[in-house]
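Read in order, the letters of the sequence shown correspond to residues 1424 to 1736 in our numbering.
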Amino acid sequence: MIPSPSSSIRRALLAGRTVLLALGAVLSAGSAASLSAQDAPLRLFVSVDMEGIGGVGTPAMTSSSGKDYATSRRLATDEVNAVVAAIFARDPDAEILVNDSHGDHQNLLHTELDPRVTYIQGSIKPLGMVQGLDGSFDGALFIGYHARAGDPDGFLAHTGTGSVKGLWLNDVEVGEGGMNAAFAGSHGVPVILATGDEAATRELDDLLGAETVTTKVAETPSSARLVHPDVVHERLRAGVDRALDRLAAGGFEPLDPGEPVRIRMRFDSTTHVEILQSIPGMTKVDGFTVAYTARDADEAYRLIRLMYRFVGV
Ligand SMILES: [Zn+2]
């Protein structure tokens, strides 16, 4: 059989260990997830970004000082509530941890979230968009995601911040979704649902083979073709059902990058690269690009977040 492009991308990202070992881990993790879905309450991790929320159609709406940002908070909260309601309809005892993952990580309207979820707010956290995610979860859901830096079909596509022009893990280019999925996969947790604009869901389908829900389509990189939130919510409910059916059947593969994890990161200025040379083990690939070999996905994630968020130049 000729491997599909997406499966060859996945194999490349798994290059930190042999394919056979990785497949073994994948198979055992998949069956563990299906067993736990039958025997114990589902434990699901939900990471929520904002650019990919349906109804968010301008850059200003994603900025806390921008026009209609308050509407974006409401739209994002409503999408989370639609997703978790669909989960609780299937498993009333489900345990759901929601991690606010956009900007200063203070976007969702806490008091209006479904009271059955636990909610992490605030951005000073080393694991950022995956803070709180560990091997105790059966699956992860990425809500409101956007495409990686440079995708011409993406709405507000970027990776981390505007100063990052590219990120590679084990020589596979990834965006925030891929980076977060690799962290989850290193703990044996598959991404079971990814939602966002069409370019984002295509990217994560290619990389992960996750179930996806497209909330809107970019008209240009900074404008979007929208549908009504009620329509988006209906799509989300259907997406959750597909994802939970597949999870129960053991049908997801965690994207485990293995150990070590090779990081390469390209910036829009040489200043970043010069400053990052101060980190022991960091190498300069060219004037805009650094590389580092992290011992595992946890170290890789913390360092990447440090490099793009906390090195402010
Ligand atoms: Zn983002």
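Glycine is no exception: its CB is placed at the ideal position from the N, C-alpha and C atoms.
In this structure, the CA atom of D1576 is about 15 Å from the CA atom of L1649. Between the segment 1688 to 1699 and the segment 1724 to 1735 there are three or more inter-stretch CB-CB distances shorter than 8 Å, so the stretches are counted as touching. Note that the segment 1652 to 1665 does not touch the segment 1590 to 1599; fewer than 3 beta-carbon pairs, one per stretch, sit closer than 8 Å.
By alpha-carbon distance to R1539, the top candidate from S1546, A1463, A1508 and D1523 is A1508. At a cut-off of 4 residues, the continuous stretches assigned as alpha helix (DSSP H) that sit fully inside the segment 1576 to 1631 are 1599 to 1609 and 1621 to 1631. Contact between the segment 1690 to 1699 and the segment 1570 to 1590 is present: three or more C-beta pairs spanning the two stretches fall below 8 Å. Under the three-state reduction of DSSP output, F1468 falls in the strand class. Contact annotation: the segment 1466 to 1476 touches the segment 1618 to 1631, with at least three C-beta pairs closer than 8 Å. In this structure L1532 touches R1496 by the C-beta definition: roughly 6 Å separates them, less than 8 Å. Per DSSP, reduced to three states, the secondary structure at G1662 is helical. When DSSP states are grouped into helix, strand and coil, M1688 belongs to the strand group. Checking the 6 Å criterion, the Cβ of E1502 is out of range of every heavy atom belonging to ligand 1. Relative to N1593, the option among P1549, K1639, D1679 and A1563 whose CA is nearest is D1679.
In the DSSP assignment, I1510 falls within the alpha helix (DSSP H) that extends over Y1492 to R1513. Residue state for T1693 is assigned as helix, using DSSP reduced to three classes.
Around A1563, the same chain offers F1468, A1607, V1612 and V1614 as residues with beta carbons nearer than 6 Å, after the five sequence neighbours per side are excluded. Relative to the non-hydrogen atoms of ligand 1, the Cβ of E1535 never comes closer than 6 Å to any of them.
One alpha carbon belongs to D1514, the other to A1661, and they sit about 15 Å apart.
Looking at the DSSP output, L1678 shares a beta bridge with no other residue.
Set against 6 Å, the gap from the CB of D1523 to the closest heavy atom of ligand 1 is not smaller. E1599 has its Cβ nearer than 6 Å to a heavy atom of ligand 1.
Under the 10 Å beta carbon count, I1702 is surrounded by fewer than 16 other beta carbons and is classified as exposed.
Here F1565 carries a strand assignment [DSSP, helix/strand/coil]. Taking 7 Å as the cut-off, the beta carbon of A1623 is found no closer than this to the beta carbon of A1671. A1720 sits in a helix when the DSSP states are folded into three classes.
Nearest C-alpha to A1483 among A1666, A1580 and S1645: S1645. With respect to the C-alpha of T1582, the residue from M1552, F1560 and T1706 having the closest C-alpha is M1552. Counting along the chain, S1646 sits inside the beta strand (DSSP E) bounded by residues S1646 to R1648. Judged by DSSP in its simplified three-state form, V1734 adopts coil rather than helix or strand.
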